[in-house]
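Residue numbers (the working numbering), protein chains in the order written: chain F, 130 to 583; chain C, 98 to 188. A short worksheet on the structure shown next.
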């Protein structure tokens with residue numbers, strides 16, 4: 130039987146150390162909604178989402194109440210819309226109608242965000258893929274809850290540099306359309322290398338074509354719990370440090386597993402995966418950067434940061450893997466800048482640069498995330514930053530991503546407010562030297578030699 | 098079949114906390130299986146393991162009533178299904 134200390138420990142994690150389940154995400158296949166008539170596709174998509182996910186909010190609330198664990202977000206991911214709308218959409222504006230439908234459907238079922246306004250173009254773009262990408266600025270500007278992602282590269286296929294070049298331009302268009310709101314819509318757009326099919330986290334969630342009709346994926350969090358546990362082992366050896374992280378990650382993930390199983394049972398939808406990520410929020414005590422500081426760095430970004438993060442990421446996985454029957458998604462430590470008060474402190478102290486962040490993305494689960502850059506950064510430079518991130522993912526056989534926010538009308542020294550969970554960010558300086566001639570080459574970068582494993 | 102719920106009470110120690118909670122639980126046919134309590138730095142920490150299988154009220158109502166009772170006594174009372182603690186602390 131459980132004892133008092135265990136009960137108090139669990140409740141302290143929730144009450145004092147901001148332990149929560151970050152998201153229950155229902156993945157919904159929209160392949161059955163495909164039709165050559167645009168109106169019909171829109172109808173099908175709306176009906177399908179509002180049928181499958183109708184109890185999402187209700188069930189999430191029940192689970193929160195039963196176990197006393199907050200579930201911060203309810204989300205939906207759908208089949209990449211470039212595939213769903215391909216037969217019906219003749220121009221980018223046609224795709225935008227689908228974005229509106231997703232937005233309405235998400236609102237109807239009480240989902241905070243809906244992901245999957247996406248295209249998978251790691252080797253080449255179909256006409257539909259390109260139209261969808263060109264529709265992203267309008268789609269994101271005219272909707273509230275729709276999130277968009279584009280997979281630009283993979284270890285197996287190389288990097289689609291035509292798409293990388295296009296995305297630099299698209300990102301600036303998104304920024305420009307929301308320039309009166311600090312280019313905030315860029316938060317809803319992310320580009321990937323090796324995008325996972327079952328990621329529950331936004332903005333990059335989509336329901337991959339390898340997935341079943343519907344699936345429950347759950348993202349857990351808990352940087353505060355890890356930080357608190359590490360406070361107890363200051364000055365101890367790496368062995369003790371690693372064991373502590375593993376044990377804590379195990380406990381946190383077990384909560385996610387329980388919630389996922391319950392959600393699956395109550396919604397009648399199979400359980401997919403737990404994403405065991407350390408996902409920070411701007412709340413005090415909910416920071417991955419603070420864990421790095423607790424490990425022994427003055428600020429995240431100091432020499433040693435990459436090694437500390439590599440260790441943290443690995444221990445989180447080792448602890449979490451045994452706690453869940455299926456692990457997937459991104460799984461690791463997230464290092465967004467604006468969503469992590471410790472990271473913001475590092476930027477403000479001048480402790481961390483874009484280049485150091487890039488190095489850190491080699492050893493953690495995602496990439497350059499939620500980073501505000503000057504609005505006058507050229508599109509080719511943005512594409513260059515994206516290409517670098519894609520190359521890291523391609524060569525290291527891991528997922529990498531870029532979610533950059535060029536803030537129109539602002540420059541280094543300014544700060545942007547995104548509000549709520551998204552936090553605020555000081556604008557970071559970008560290398561001024563040009564890569565235009567490199568980016569303007571046509572075609573793609575071939576897959577690396579180690580991808581030929583057959 | 099047992100339907101176990103963990104009730105935790107945290108707050109300033111005062112006379113009659115357990116009595117009042119148990120009176121309420123008995124009133125709605127909730128069976129108390131185990132009680133543990135300690136006082137840490139003047140703070141009252143108590144855990145009850147109860148079975149709500151035969152309860153005359155829903156878990157939802159029991160939870161809300163206990164919360165209200167906690168406000169009256171001046172302590173925090175939480176009721177949670179046992180599974181979350183088993184999940185986290187038991188293999």
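Virtual Cβ for every residue (Gly too), placed ideally from N, Cα, C.
- Between residue 417 of chain F and residue 463 of chain F, the beta carbon gap of about 6 angstroms places them in contact (Cβ cut-off 8 angstroms).
- With three or more CB-CB distances shorter than 8 angstroms, the segment 154–161 of chain F counts as touching the segment 330–343 of chain F.
- Going by C-alpha positions, residue 172 of chain F is about 14 angstroms away from residue 235 of chain F.
- With its beta carbon less than 7 angstroms from one in chain F, residue 180 of chain C belongs to the interface.
- Taking a beta-carbon distance threshold of 7 angstroms, residue 136 of chain F counts as an interface residue toward chain C.
- At a cut-off of 7 angstroms between beta-carbon atoms, residue 528 of chain F makes no contact with chain C.
- Within chain C, no C-beta atom comes less than 8 angstroms from the C-beta of residue 346 of chain F; the nearest is roughly 18 angstroms away.
- By the criterion of at least three beta-carbon pairs nearer than 8 angstroms, the segment 195–202 of chain F is in contact with the segment 179–187 of chain C.
- By the Cβ-count criterion, residue 454 of chain F is exposed, with fewer than 16 other Cβ atoms from all chains shown falling within 10 Å of its own Cβ.
- When DSSP reads this structure, residue 497 of chain F sits in a beta bridge with F:531.
- A straight-line Cα-Cα distance of about 7 angstroms links residue 533 of chain F and residue 497 of chain F.
- Rounded to the nearest whole angstrom, the CA to CA distance from residue 325 of chain F to residue 528 of chain F is 7 angstroms.
- Under the 10 Å beta carbon count, residue 391 of chain F is surrounded by 16 or more other beta carbons and is classified as buried.
- When the alpha-carbon of residue 132 of chain F is set against those of C:166, C:146, C:176 and C:173, the nearest one is in C:146.
- Judged by DSSP in its simplified three-state form, residue 266 of chain F adopts helix.
- For residue 455 of chain F, the closest Cβ of chain C is not nearer than 7 angstroms.
- What residue 384 of chain F touches in chain C, judged by beta-carbon distance under 7 angstroms, is 181, 184 and 185, going in chain order.
- Residue 373 of chain F is outside the set of residues whose beta carbon lies under 7 angstroms from a beta carbon in chain C.
- Under the Cβ criterion of 7 angstroms, residue 170 of chain C is not counted among the residues facing chain F.
- Between the alpha carbons of residue 178 of chain F and residue 349 of chain F lies a gap of roughly 24 angstroms.
- For residue 500 of chain F, the closest alpha carbon among the candidates F:249, F:192 and F:312 is that of F:312.
- Think of a sphere of 8 angstroms around the beta carbon of residue 160 of chain C: the chain F residues whose beta carbon falls inside it are 194, in chain order.
- Residue F:506 holds the alpha-carbon nearest to the alpha-carbon of residue 540 of chain F among F:182, F:520, F:506 and F:518.
- In the DSSP assignment, residue 182 of chain C falls within the alpha helix (DSSP H) that extends over 180–186.
- Judged by DSSP in its simplified three-state form, residue 176 of chain C adopts strand.
- Taken in chain order, the complete beta strand (DSSP E) segments of 3 residues or longer contained in the segment 399–468 of chain F are 400–405.
- Within the segment 237–255 of chain F, no residue has its Cβ closer than 7 angstroms to any Cβ of chain C.
- Every unbroken stretch of the beta strand (DSSP E) spanning 3 or more residues and falling wholly within the segment 132–215 of chain F is given here in chain order: 150–157 and 200–207.
- At a cut-off of 7 angstroms, the C-beta of residue 109 of chain C has no neighbouring C-beta in chain F.
- For residue 198 of chain F, the chain C residues whose C-beta falls within less than 8 angstroms of its own C-beta are 181, listed in chain order.
- Contact between residue 355 of chain F and residue 382 of chain F does not hold, since the beta-carbon distance rounds to 12 angstroms and is not under 8 angstroms.
- For a Cβ distance threshold of 8 angstroms, residue set 133 and 137 of chain F lies close to residue 142 of chain C, ordered along the chain.
- In chain order, 264, 267, 268 and 271 place their CB closer than 7 angstroms to the CB of residue 225 of chain F, counting only its own chain and leaving out the 5 sequence neighbours on each side.
- The beta carbon of residue 213 of chain F sits closer than 8 angstroms to the beta carbons of 159, 160, 162, 163, 170, 174, 207 and 227 from its chain, once the five residues preceding and following it are set aside; these are given in chain order.
- Interface with chain F (7 angstroms Cβ-Cβ cutoff): residue 154 of chain C is excluded.
- Note that the segment 340–347 of chain F does not touch the segment 540–560 of chain F; fewer than 3 beta-carbon pairs, one per stretch, sit closer than 8 angstroms.
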